[in-house]
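Residue numbers (full-length UniProt numbering): 1 to 156. Yeah, the Cβ is synthetic: ideal placement off N, Cα and C, and Gly gets one too. A short worksheet on the structure shown next.
Take a look at the structure:
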């Protein structure tokens, strides 16, 4: 099953929305600390609603801990510096879809450590999409390609 990962998220509402996405799609979510907010922040809870309790969340103390926990999985970074459109990429069920900080993306060492850097094509002259929207687009394509969408009749 694919997985989502957030590198040091800055905005609690986005983290909450992505947590809700992960819960609804039945995928795990990793958060690479430190976050730019207190994890129990009410704004994140408001965005995640009661879905937070249904999500499979793992918080990692930092990049090294995250890498060690995912050494056997392909890491795919979604970045405006990517060269391959995500719609032209062949996803596999075990892929980890990694998204950077809203304010700064990820450092060069993370760029260098991933297996692929993927781009969501958009109009010229605009900086970026919201990270929660990117996660939804990327996860939707990954689930479509890998035929891993959840069965709507199957409860967790």
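Strictly by DSSP, which residues pair up with residue i?
i, result
"residue 28", "3 and 56"
"residue 38", "DSSP lists no partner for residue 38."
"residue 105", "101"
"residue 76", "97 and 116"
"residue 84", "118"
Classify residue i: buried if its beta carbon has 16 or more other beta carbons within 10 angstroms, exposed otherwise.
i, result
"residue 20", "buried"
"residue 9", "buried"
"residue 2", "buried"
"residue 40", "exposed"
"residue 121", "exposed"
"residue 34", "exposed"
"residue 152", "exposed"
"residue 134", "buried"
"residue 103", "exposed"
"residue 95", "buried"
"residue 38", "exposed"
CB-CB under 7 Å to residue i, same chain, minus the five flanking residues each way: which ones, in chain order?
i, result
"residue 92", "74 and 146"
"residue 69", "60"
"residue 32", "5, 6, 7, 8, 60, 62, 63 and 66"
Please look up how many angstroms separate the CB atoms of residue i and residue j, rounded, as I've assumed it's under 8 Å.
i, j, result
"residue 66", "residue 5", "7 Å"
"residue 83", "residue 141", "Not quite, the Cβ-Cβ distance comes to about 17 Å (not below 8 Å), so this is no contact."
"residue 17", "residue 132", "4 Å"
Apart from the five residues on each side of it in sequence, which residues of its chain come closer than 6 Å, Cβ to Cβ, to residue i?
i, result
"residue 77", "98, 114 and 117"
"residue 130", "none"
Whose C-beta lies closer than 8 Å to the C-beta of residue i among residues of the same chain, with five residues either side of it excluded?
i, result
"residue 36", "8, 9, 10, 11, 101 and 103"
Fully enclosed by the segment 86–152, which beta strand (DSSP E) runs are 3 residues long or longer?
96–99 and 116–119
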